[in-house]
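Before any comments, here is the structure.
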Amino acid sequence: MQSNQAAGKSIAKEPTGRIEIDFERCKACELCVFACPKGCIEIGAKINRQGYAAAFFARPEDCTGCAICAETCPDVCIEVWR
Amino acid sequence: MQSNQAAGKSIAKEPTGRIEIDFERCKACELCVFACPKGCIEIGAKINRQGYAAAFFARPEDCTGCAICAETCPDVCIEVWR
Amino acid sequence: MTTDVVMAGFGGQGILMIGNLLSLAAMEEGKHVTYFPAYGVEMRGGTANCTVVISDEEIGSPVVGSPKACVIMNGPSLEKYLPDLRRGGILVINSSLVEPSNVDRDDVRLLSIPANDIARQVLGSQQLASMVALGAYVALAGVVSMDTLFECLPKVISRKYEKFIPLNVNALKEGESFARNHA
Amino acid sequence: MTTDVVMAGFGGQGILMIGNLLSLAAMEEGKHVTYFPAYGVEMRGGTANCTVVISDEEIGSPVVGSPKACVIMNGPSLEKYLPDLRRGGILVINSSLVEPSNVDRDDVRLLSIPANDIARQVLGSQQLASMVALGAYVALAGVVSMDTLFECLPKVISRKYEKFIPLNVNALKEGESFARNHA
Amino acid sequence: MSRGAAVIHRTLMKGNEAICAGAIAAGCRFYYGYPITPQNDIPEYMSAHLPRIGGTFLQAESEVATINFILGTSASGRRVMTSSSGPGISLMQEGLSYMAGSELPAVVVNISRSGPGLGGIAPSQGDYFQAVKCGGHGGYRMPVLAPHSVQEMYSLTMLAFDLADKYRNPAMILGDAIVGQMKEPYEQTPYVSSVPAEKPWALTGCAGRPRQHLKSLYLKDNAIEVHNWKLHGKYRRMEEDEVRFENYRLDGARIAIVAFGTAARVSKTAIQWARDEGIAVGMLRPITLYPFPETQVDEVARKVDVVLVIEMNTGQMLQDVKMSTPCHDKIRFLGKPCAMPTPEEIHGEIRRLAGKAE
Amino acid sequence: MSRGAAVIHRTLMKGNEAICAGAIAAGCRFYYGYPITPQNDIPEYMSAHLPRIGGTFLQAESEVATINFILGTSASGRRVMTSSSGPGISLMQEGLSYMAGSELPAVVVNISRSGPGLGGIAPSQGDYFQAVKCGGHGGYRMPVLAPHSVQEMYSLTMLAFDLADKYRNPAMILGDAIVGQMKEPYEQTPYVSSVPAEKPWALTGCAGRPRQHLKSLYLKDNAIEVHNWKLHGKYRRMEEDEVRFENYRLDGARIAIVAFGTAARVSKTAIQWARDEGIAVGMLRPITLYPFPETQVDEVARKVDVVLVIEMNTGQMLQDVKMSTPCHDKIRFLGKPCAMPTPEEIHGEIRRLAGKAE
Amino acid sequence: MKEKGKGGFGKNVYRRPESLVDVKTHFCPGCHHGIAHKILAETIDRFCLREKTVGVACVGCSVFLYDYIDVDVAEAPHGRAPAVATGVKRAQPDRFVFTYQGDGDLAAIGTSEVIHAANRGENITVIFVNNTTYGMTGGQMAPTTMLGQKTSTSPYGRDFRKDGYPIKMAELLATLEGTAYSARVATSTPAQIRKAKEAVRKAFDMQIKEMGFSIVEFLSTCPTNWGMKPIDAQKRVLGEMSEYFPLGVYKERKQADFL
Amino acid sequence: MKEKGKGGFGKNVYRRPESLVDVKTHFCPGCHHGIAHKILAETIDRFCLREKTVGVACVGCSVFLYDYIDVDVAEAPHGRAPAVATGVKRAQPDRFVFTYQGDGDLAAIGTSEVIHAANRGENITVIFVNNTTYGMTGGQMAPTTMLGQKTSTSPYGRDFRKDGYPIKMAELLATLEGTAYSARVATSTPAQIRKAKEAVRKAFDMQIKEMGFSIVEFLSTCPTNWGMKPIDAQKRVLGEMSEYFPLGVYKERKQADFL
Ligand SMILES: Cc1ncc(C[n+]2csc(CCOP(=O)(O)OP(=O)(O)O)c2C)c(N)n1
Ligand SMILES: Cc1ncc(C[n+]2csc(CCOP(=O)(O)OP(=O)(O)O)c2C)c(N)n1
Ligand code: SF4
Ligand code: SF4
Ligand code: SF4
Ligand code: SF4
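Protein chains in written order, with this note's numbering: chain A, 1242 to 1323; chain B, 1242 to 1323; chain C, 398 to 580; chain D, 398 to 580; chain E, 86 to 443; chain F, 86 to 443; chain G, 243 to 501; chain H, 243 to 501.
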């Protein structure tokens, strides 16, 4: 079906977007981690000055620039380009 | 019709009830005057210690003892017998 | 010279209006004056009263322990105020509603005036009873001139009732002449 | 003899629990003791800290201007409390999260203990870092005996986590031995 | 009071209404309130007059809401007033504390009644502590003015607006049923402002400037201590610059009455009578209850033989008199809670103190 | 405090919780409140403990509702308590005035915070005026107890219940974040009641007796004056019978500190240090802020060279000290609003006053 | 003492309810507070509750409840009667507890207390007398004042743009889960009086059966402050007032265990 | 400064709204207050209102509104924001005025103020964040706390027999004549966030068109006091919370002249 083909296309490892996460501002709430439909974000190991193991952009190659992570982040840590 | 006859009967100058109005307690609001379906009550000329021209039982002959006046009186001035 | 008067009666008898009128007249004549009404007891009915103090000097207390005069328009007020009236003070009672024989003091200057009757019979409205009484009091006490009272009437009677001013003038005059004839 | 200590770190590091434990132990040993926590700043996160004063006499102030000891579990707390620490005072820092080179004073008795690392590597849980630090502090200051601390553990650990008591004993011991070896 | 060149005429007016006239003269165009005896003339007057001059009258659902309407309008940089009595003023205490903390000006009128609780409407000075020591939490202060005549109901209201703006702080008029309900002639002297009209701190939207806020929360470090020292500095300035009082026939007095408001008014009659008998008695009448005329009371106390404090309560200002002067042994008290001492009673007390036979 | 024969053991407890323990020991089975820092331990403790012993914990929708729940339960003849802080206590002022006017007992705890307004949660004694002069309208009074230790948080709470019942009047515990949040060992001494348990005035339904009511409205004639004289009589009796204070190392003192609560607690450290240096300094610590130990302050003031008043505000109890003694020239003040003076600062001030070089 | 049965009429068919104290009231002529008091007293009698009742008086013209109803009464601060009643009921769940409140008291300053008492399902009964004004203080605008109505603080008439709408408390409270019974009645005709009695009876019944919060709103007159003769005031209730504030039962819980 | 468009992506599709001050917030990890703040700021930007707005902060976790939203802000006492906003709006009818309140603030202590502001049709906008607890003071029971929910003052779970029912403010306020707009939204999914923005936009629009009182209730998380991970808290909102507090628009006035 058409839609399947379309879906197939977007799965292709061609990022159509890019995000930046503010390391110091992140509180490691993981909301973006669960929100990202592509699973691009993960919690890291480094602890920031607030004491949190901030999230990081783990899989840039899958990012579509849909901005769902950014919309979701309560701390406005994520900026998105497409 | 039956009901007319019945009504006719009660109009007859045979009182079936009797009220007493507490002269000193009455505030001459006239609610009983308007409430009495038989028009038995009137406002008097004598002024009581509160300064009101109290109501009085002007037409005892028409009283049916329906107690509507008493139910209506906000100052519980009226007692009714039947 | 300082004088004062307590006026009292049922609510609705116009007590506060005559107190106001007297005060305005005193002010008009350049006197110091204070007017103190019994203010809302947070409910209606009952009695109304006010105190007017008139003086040539700055007035201290607007309320007095033992007034120099009382204008009493109903029975309950007589009971309440008679004991306080100063020896030799002026007592005007409205004998239409107050039994003169209830005045159990003989050290005061009593004037019994059937104010309601005069108002009804002569003037056609019981509403004017308190004006009659004021006329009588002013005639006795002479604190202000009758003419000043007349002049001040428009200030206490609302525009709507303007047409009754002449009637009020007459009421004051009736009171005055009764007082002159019976004092 | 009166001594006192300020303990500080991130909320959630167990600061208040070690303060409580120390206080209980002091009480158990018949001492006077006061424990004062930084109470809710009406929001979460940020730092947690408490002050414990232990004495043989009646204690006046439960809070001190210049403490005799500090147990510092994170970076921000070092900035906040280091300036107040008394000359010659004891400073225990958790070097897993606090950079020892940030200690810009040489008039204090510094012990750098990698509490988180010890807790994780030796005991299997970072949760125990503050117990490690307490063990170290008590070893240095000698305010109470280690055994009393052990005895008091059941009073600060809820029934639900009873099974972790031995682990906490070990944590205290780890801290103690680290202190003995590095002081 | 200084008079302008304008023709001034005397009007017979109720004290409560004179407050309204004073407020309107001083440019107050916002009034919020909730009914309570014996001050209902004030909202009633305002509801009739303010709409006619483009002002806003709004009846609130409670006194708690009232004081917060006031806070909002004050934060907008407008002159605003409310009035109430005992129970209503109690309900405003939290809001007053917030306003003091946020440095927001407003005039609050207390035409006090008898307490405690629902009490009654007999005249009383039982709210002195609440007004003067400030019944809200946190130890703020506010100017408290105590008029004793209809003229002062008018003029002190104008002053209250100026003090409020000058210090960015609520100011209170403390009256009672007697000065509130009585009528006497007064002169509608023109309002002459003593403070600048601009309020750059007002919240009007941040066009052309950085955003600003009005708040009383200071959480970081010792910010709240710093803030309180700042407030304290203002109170000190009030104490230095704003004390107002009347010396009444104190020349050569051996007895000095200290009384305010209605009690002072009544005392004047008694003093007249006593002076007529040759008794050397006078009065120091505090017009500002806060700041209290401490120095003046002390000076007078040192001169006279007896200081007679008279209040319509069981002794509240009495404490401020003792605080003001070490001459404690000269101080006497005549008080009645929830009742006006008559001129006769005061006169009797003066005679007794002067050693005259009864 | 007298101890019973019961075995008493020491517990490490938070001041706020010791208040709860004291209340429960004194038979209080009803607690109503609304959250506010720094006293949340109290409702939290009560919500956990009261249901287990058949008591009632109910969180109100506001402090205004709270104080009226209290009024209702008190009118039912039950021991009842609430607690709050600054803003919440301000909202209770009307209700407190009603309770005083209706002669209803209850214990109200103020674990005060910094003000004015929302202020902050730094320790403060800024609510002294509000508590001691009574922030509500009408000039009522209430016993105010100022604990300075966890032990006293416990024992003075029990006492507060007795005073409240004895005088049929609200009683207040005035603490702050320090005594509220600190833990120290305390002994759970048994409660020994000093007042009869019967409350024949309680509203329980008029079975077998004429109906009765609890009210504060007195409209007829001078009923409100009579009522106030009656209340005043109670206050007089409190002033005669209920003054409580601690003399701390006043033997031979040339400097007497007067301080309460946390400020007194901290002062003790400074006094220890100063005495160790040979400075003759001691402290009179008022435990009841109302009734204030007037006579005791005066006696001490006459003996010493300097009276140093220390408060965590800019000078409130200071006024009561001046009111108590004519020795105004001996009085000095050390205060900080919304901050605890450290032992070091107090010690420094003592040394200065004792003429020691810095 | 009155002669009973004089003139051959032996059966007393109306007399003062037992729980209504035999004294003059301070109410103005024609004020319906008096009628509401009578109905309240009758219902107390009917359920034989006189000796187990604690009433709570509000601040308003009905503050003297304790002089008129022969039961124990506490006086609440203005608006706080439901909170005081909560305190009484929690302490004495086996007592019958009611409040009696005016519309200034309940619908203005006391809004929060009545809403939360209802929301908690507090097992108390509220008699609420709505006369569209503040009677005791001299006729100021109330939250229930009708649009266009002139009062001493709405001299140009209530304007919805400025003062909002007359608030309908019976309806509002009926929306809350904890409310067991909410009705609006009037007492301007004998039929209305009968219905009002029935509503109060039901409200009492709810409390007795521990169903939760019950309230009866009475549309009432205030001839004095409306500046009307009592009979005209009564007509106003029958007319524009009941048009805006429809009479009826807005909620009636059927089952005790309401969850 | 961040590199823009790095890696060939030139269009910035999400960045901090202009009216949102560029500072760290004090909110806990995963707290939805942050999302509500973002939406509020975005809507201010959208209508270009930044320079003509006066906000009113409440007491609660959102008290620091003035540190985050780049507009003039007054701080109201706990619960009184709608009253303060009334005072602001009456003085400056041409300014945009909003309040931001928690559920303790609006539905407990501030019940009366919000109801009467709504009833007056006060032309203000209320952002109401319902997280079923008192966040700032450490997680006590709120009027919106769910039945059975354990909080620090309902340690045995909220019991309707004792504490009543979670109160539904969006529905309650919708019943009042003066309310122009009332909606309940959540921010737990991208779709919900979109709807929430739409609701806030509508609410703003009501004020701009002078239609009266508007309110948007946000169902929000408080992971800290619920003792949950942020993601689980979010699930609770999606589950039991929106079941009891249904999302939707409860009132939407269509015509400006509403009488
Ligand atoms: C806190 C407080 N505010 C105001 C008042 C004054 N007050 C007394 S009764 C009343 C309103 C009475 O109106 P309502 O409740 O409608 O009852 P009504 O007199 O009409 O029966 C007011 C405002 C008060 N006693 N306490
Ligand atoms: C009069 C008053 N009472 C109590 C408080 C304490 N207090 C501060 S915030 C708050 C409640 C916060 O809860 P909520 O409104 O739900 O907002 P949240 O913090 O959950 O966002 C309380 C009770 C106060 N500041 N003032
Ligand atoms: S949503 Fe924001 S704060 Fe939370 S983990 Fe992601 S980037 Fe960090
Ligand atoms: S209803 Fe009662 S008070 Fe009114 S006139 Fe009749 S008897 Fe008198
Ligand atoms: S003022 Fe109105 S409500 Fe009050 S008693 Fe008179 S008529 Fe009734
Ligand atoms: S306590 Fe709750 S509401 Fe407050 S910031 Fe934290 S998560 Fe948010």
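Beta carbons: idealized from backbone N, C-alpha and C, even for Gly. Small disclaimer: the values here were computed from a predicted structure and weren't measured.
> If we call anything under 7 Å between Cβ atoms a contact, is valine 313(H) one with glycine 297(H)?
Replying inline: Start at 1 with the first residue of the eighth sequence, and residue 313(H) comes out as number 71. Start at 1 with the first residue of the eighth sequence, and residue 297(H) comes out as number 55. Contact: yes.
>> Pull the bridge partners of alanine 1294(A) from the DSSP assignment, please.
In response: By 1-based counting over the first sequence, the position of residue 1294(A) is 53. Paired residues: Ile1288(A).
> How big is the Cα-Cα spacing for glutamate 439(D) and tyrosine 320(F)?
Replying inline: Taking the fourth sequence and counting its residues from 1, the one referred to as residue 439(D) is at position 42. Taking the sixth sequence and counting its residues from 1, the one referred to as residue 320(F) is at position 235. Residue placement at glutamate 439(D) cannot be trusted, given a pLDDT of 40 that sits under 50; the coordinates are not used to answer.
> So the alpha helix (DSSP H) alanine 433(G) belongs to, where does it begin and stop?
Replying inline: The sequence position of residue 433(G) within the seventh sequence is 191, counting from 1. Where alanine 433(G) is concerned, the enclosing alpha helix (DSSP H) stretches over 432–450.
>> Please list the terminal residues of the continuous alpha helix (DSSP H) segment that includes proline 172(F).
In response: Residue numbering aside, residue 172(F) sits at position 87 when the sixth sequence is read from its first letter. Counting along the chain, the alpha helix (DSSP H) containing proline 172(F) begins and ends at 171–176.
> Should glycine 433(F) be flagged as near chain E, meaning a C-beta pair shorter than 7 Å?
Replying inline: By 1-based counting over the sixth sequence, the position of residue 433(F) is 348. Answer no: the Cβ-Cβ gap between glycine 433(F) and chain E never drops below 7 Å.
> For proline 465(G), which option in Gly454(G), Tyr486(G), Leu418(G) and Tyr376(G) has the closest C-alpha, if you only look at C-alpha atoms?
Replying inline: As a first step, residue 465(G) is located in the seventh sequence; it is residue number 223 there, counting from the start. Nearest option by C-alpha distance: Tyr376(G).
>> Please classify glutamine 518(C) as buried or exposed, where buried requires at least 16 other C-beta atoms within 10 Å of its C-beta.
In response: Numbered from its first residue, the third sequence carries residue 518(C) at position 121. Looking at its Cβ environment, which holds fewer than 16 other Cβ atoms inside 10 Å, glutamine 518(C) is exposed.
> Do threonine 399(F) and histidine 317(E) come within 7 Å of each other at the CB atom, strictly closer than that value?
Replying inline: Position 232 of the fifth sequence holds residue 317(E). Position 314 of the sixth sequence holds residue 399(F). Yes, the pair counts as a contact, with Cβ atoms nearer than the cut-off.
> Under the three-state reduction of DSSP, which class applies to cysteine 1318(A): helix, strand or coil?
Replying inline: Taking the first sequence and counting its residues from 1, one reaches residue 1318(A) at position 77. Taken through DSSP and simplified to helix, strand or coil, cysteine 1318(A) comes out as coil.
> Can you check whether the CB of valine 382(E) is closer than 7 Å to the CB of valine 406(E)?
Replying inline: Counting from one through the fifth sequence, the residue named residue 406(E) turns up at place 321. Counting from one through the fifth sequence, the residue named residue 382(E) turns up at place 297. In contact: valine 406(E) and valine 382(E) (Cβ atoms closer than 7 Å).
> Of all the CB atoms in chain G, is at least one closer than 7 Å to the CB of aspartate 1316(B)?
Replying inline: Locating residue 1316(B) in the second sequence gives position 75, where the first residue counts as 1. For aspartate 1316(B), the answer is yes, since a Cβ of chain G falls inside 7 Å of its Cβ.
> With burial defined as no fewer than 16 other Cβ atoms inside 10 Å of the residue's Cβ, what is the status of alanine 349(G): buried or exposed?
Replying inline: Translated into the one-based positions of the seventh sequence, residue 349(G) becomes position 107. The residue in question, alanine 349(G), is buried, as its Cβ has 16 or more Cβ neighbours within 10 Å.
>> Please report whether the beta-carbon of serine 147(F) lies at a distance below 7 Å from any beta-carbon of chain H.
In response: Here residue 147(F) is taken as the residue at index 62 of the sixth sequence, counted from 1. By this cut-off, serine 147(F) is an interface position.
> From what residue to what residue does the alpha helix (DSSP H) around glutamine 381(E) run?
Replying inline: Taking the fifth sequence and counting its residues from 1, the one referred to as residue 381(E) is at position 296. Where glutamine 381(E) is concerned, the enclosing alpha helix (DSSP H) stretches over 379–388.
> For arginine 387(F), is the classification buried or exposed, using 16 other Cβ atoms within 10 angstroms of its Cβ as the cut-off for buried?
Replying inline: Position 302 of the sixth sequence, counting from 1, holds the residue named residue 387(F). That one is exposed.
>> Rounded to the nearest angstrom, what separates leucine 135(E) and phenylalanine 142(E) at their Cα positions?
In response: Position 50 of the fifth sequence holds residue 135(E). Position 57 of the fifth sequence holds residue 142(E). Distance from the CA of leucine 135(E) to the CA of phenylalanine 142(E), rounded to the nearest whole angstrom, comes to 6 Å.
>> What I want to know is whether the C-beta of proline 1315(A) ends up closer than 6 Å to one or more non-hydrogen atoms of ligand 2.
In response: Against the first sequence, residue 1315(A) aligns to sequence position 74. Not under cutoff, so the answer is no.
> What does glycine 406(H) reach in chain G if we use C-beta pairs closer than 7 Å?
Replying inline: Within the eighth sequence, the letter at position 164 stands for residue 406(H). Near glycine 406(H) (Cβ distances below 7 Å), the residues of chain G are Asn361, Arg362, Gly363 and Gly420.
>> Tell me which residues of the region 462–483 of chain G have at least one Cβ-Cβ distance to chain H shorter than 7 Å, keeping chain order.
In response: Contact annotation: in the region 462–483 of chain G, no residue has its CB less than 7 Å from a CB in chain H.
> Roughly how many angstroms lie between the CA atoms of histidine 233(F) and cysteine 447(C), to the nearest whole one?
Replying inline: Your numbering for residue 233(F) matches position 148 in the sixth sequence. Your numbering for residue 447(C) matches position 50 in the third sequence. Their Cα atoms are separated by approximately 56 Å.
>> By the 9 Å beta-carbon criterion, what residues does the region 207–222 of chain F contribute toward chain G?
In response: none
> Around the Cβ of serine 542(D), are there at least 16 other Cβ atoms within 10 angstroms (buried) or fewer (exposed)?
Replying inline: Here residue 542(D) refers to the residue found at position 145 when the fourth sequence is read from its first residue. So serine 542(D) counts as exposed.
> Between methionine 404(D) and proline 270(F), is the Cβ-Cβ spacing less than 7 Å?
Replying inline: The residue given as residue 404(D) occupies position 7 in the fourth sequence. The residue given as residue 270(F) occupies position 185 in the sixth sequence. Going by C-beta atoms, methionine 404(D) is not nearer than 7 Å to proline 270(F).
>> Using a Cβ-Cβ cutoff of less than 6 Å, which residues in the same chain neighbour leucine 97(F) once the five nearest sequence positions on both sides are dropped?
In response: Taking the first residue of the sixth sequence as 1, we reach residue 97(F) at position 12. Lys268 and Pro270.
> Does the pairing of the region 1261–1275 of chain A with the region 1301–1318 of chain A give three or more beta-carbon distances under 8 Å?
Replying inline: The answer is yes - the region 1301–1318 of chain A touches the region 1261–1275 of chain A, with three or more Cβ pairs under 8 Å.
> With C-beta atoms as the reference, is glycine 221(E) less than 7 Å away from serine 182(E)?
Replying inline: Numbered from its first residue, the fifth sequence carries residue 221(E) at position 136. Numbered from its first residue, the fifth sequence carries residue 182(E) at position 97. Contact: yes.
> Hey, how far is the Cα of histidine 579(D) from the Cα of glutamate 573(D)?
Replying inline: Looking up residue 579(D) in the fourth sequence gives position 182. Looking up residue 573(D) in the fourth sequence gives position 176. C-alpha separation (whole angstroms): 10 Å.
> In chain G, which residues lie less than 8 Å from isoleucine 1309(B) when you measure between Cβ atoms?
Replying inline: Position 68 of the second sequence, counted from the start, is the residue given in the question as residue 1309(B). Within 8 Å Cβ-Cβ: Pro432.
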